[in-house]
Amino acid sequence: MTVNELMINHVTKRYRRHTVIDEVSFNLAPAKIYGLLGRNGAGKSTLLNIITNRIFPTSGMVAMGPQNVNNNDEELGKIYLMSESNMYPKTTRVKRMLSDADRFYGKFDFANARRMLGQFGINEKDRFSNLSTGQKTAVKITIALNVNAQYVLLDEPTLGLDVNYRETFYRELLRTYSEKPRTFVLSTHLISEVQQLVEDVLILHEGKIIVNEPVEELLGRAFLVSGPAQLVDEYTAGQTTTDSQTIGNLKETAVIGELDALRPIPDQVQIKHLDLQRAFTALTNH
1 MTVNELMINH VTKRYRRHTV IDEVSFNLAP AKIYGLLGRN GAGKSTLLNI
51 ITNRIFPTSG MVAMGPQNVN NNDEELGKIY LMSESNMYPK TTRVKRMLSD
101 ADRFYGKFDF ANARRMLGQF GINEKDRFSN LSTGQKTAVK ITIALNVNAQ
151 YVLLDEPTLG LDVNYRETFY RELLRTYSEK PRTFVLSTHL ISEVQQLVED
201 VLILHEGKII VNEPVEELLG RAFLVSGPAQ LVDEYTAGQT TTDSQTIGNL
251 KETAVIGELD ALRPIPDQVQ IKHLDLQRAF TALTNH
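Going left to right, the sequence shown walks through residues 1 to 286 as the UniProt record's numbering numbers them.
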């Protein structure tokens with residue numbers, strides 16, 4: 001089956017005078033794992049809700065191939081959003097939630113879902129409202145990884161999970177991605193934990209997409225220059241510096257961009273690549 005790209009075209013969302021999403025455009029390709037990163041209030045959840053037609057944009061559109069996703073049940077059926085919101089009645093049991101996923105999307109993988117629930121120590125007969133925050137997240141993860149959708153959007157998929165269960169989630173995500181390649185978008189604050197999972201990164205800052213590229217390419221041009229403050233300032237002069245920390249006469253400066261290969265590096269100055277967490281901080285800490 002041919003899967004079209006999911007295209008977000010010039011999407012803006014305003015609430016009265018406050019612009020949450022500002023002229024955002026990007027494409028999600030089939031069978032790829034993306035990281036959607038942003039500080040609190042950056043608009044990540046709003047954007048994911050717009051993509052899945054839970055919130056209407058002020059302007060712009062979301063399309064899959066030539067089809068506008070808005071009010072198109074066939075195309076919306078190819079997109080699934082796992083969110084922090086709890087939309088189930090208090091009496092709903094986990095078993096009913098699995099059945100609903102099958103009813104709405106079809107071909108739900110019940111066998112794998114039950115295996116995953118066992119790993120998380122959850123019984124199908126449990127009432128969802130009686131579960132802890134971490135257990136509720138585990139149920140949502142289980143549904144999201146076994147639902148029959150081509151684009152699976154995960155909004156804070158590790159909320160309330162301890163480190164062992166987070167590792168279980170990451171392992172299961174890679175397993176299902178390998179066996180049934182689909183597109184996953186992880187919106188998370190645990191950036192260091194997902195660096196090895198995501199292929200491309202989208203950074204949403206103040207309502208705009210400021211980074212949209214493979215993680216490898218971003219980190220290939222993200223550097224930390226450290227050493228005596230004067231030497232660091234001299235070496236980074238004229239380059240795109242985004243974040244600095246000074247302790248005494250020592251300084252660390254983040255540089256996003258290609259370093260000047262012809263500029264000699266002073267003996268007391270050290271240069272290393274940033275990890276994704278530090279690169280994100282450098283790009284959004286203003």
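Note that CB positions come from ideal geometry on N, CA and C, so glycine has one too. In this text the structure is predicted, and so the values were computed from the model without any measurement.
Residue i burial status per 10 Å Cβ neighbour count (16 or more: buried)
i    : result
R16  : exposed
A101 : buried
G38  : buried
K90  : exposed
T133 : exposed
F56  : exposed
K78  : buried
K272 : exposed
L250 : exposed
E172 : buried
N146 : buried
Alpha-carbon to alpha-carbon, residue j and residue i
i           : j    : result
N40         : V94  : 30 Å
L28         : D126 : 36 Å
N239        : V255 : For clarity, residue 239 is Gln in the given sequence; the question names Asn instead. Going by the C-alpha atoms only, they are around 7 Å apart.
residue 333 : R96  : Absent from the model: residue 333. The displayed extent of the chain is 1 to 286, so no value can be given.
V69         : P30  : 16 Å
I141        : L276 : 24 Å
L204        : Y177 : 25 Å
E74         : F184 : 19 Å
Q67         : N285 : 38 Å
G121        : A261 : 54 Å
Beta strand (DSSP E) segment containing residue i, residue limits
i    : result
Y88  : Premise fails: Y88 is in no beta strand (DSSP E) and is neither H nor E.
K44  : Here K44 belongs to no beta strand (DSSP E); instead the alpha helix (DSSP H) covers 44-51.
A237 : First-last for A237: undefined, no H or E at that position.
L6   : 6-15
G60  : 59-64
F26  : 18-28
Q268 : Neither: Q268 is in no beta strand (DSSP E) and is coded neither H nor E.
Neighbourhood of residue i by C-beta distance below 8 Å, restricted to the same chain and skipping five residues each side
i           : result
A144        : Y80, M82, V152, L154, P157
residue 293 : Outside the modelled stretch of the chain, which goes from 1 to 286, sits residue 293, for which no answer is possible.
V20         : K13, R14, G43, T46, G207
I209        : V24, S25, F26, L202, I203
residue 375 : Residue 375 is absent from the structure shown; the chain starts at 1 and stops at 286.
DSSP bridge partner residues for residue i (one or two, in chain order)
i    : result
T253 : V225, S244
S187 : L36, D155
H205 : K208
E193 : For E193, which the question treats as bridged, DSSP gives no partner whatsoever.
Continuous alpha helix (DSSP H) stretch holding residue i: start and end
i    : result
K136 : 133-146
A282 : 276-284
G41  : Per DSSP, G41 belongs to no alpha helix (DSSP H) and is neither H nor E.
K95  : 94-105
Q119 : 110-119
Q81  : In the sequence as presented, Gln is not what sits at residue 81; that position holds Leu. Counting along the chain, L81 falls outside any alpha helix (DSSP H), though it belongs to the beta strand (DSSP E) covering 79-82.
Same chain, Cβ closer than 7 Å to residue i, neighbours up to 5 away in sequence not counted
i    : result
T236 : V225, T253, V255
A63  : M7, N9, V69
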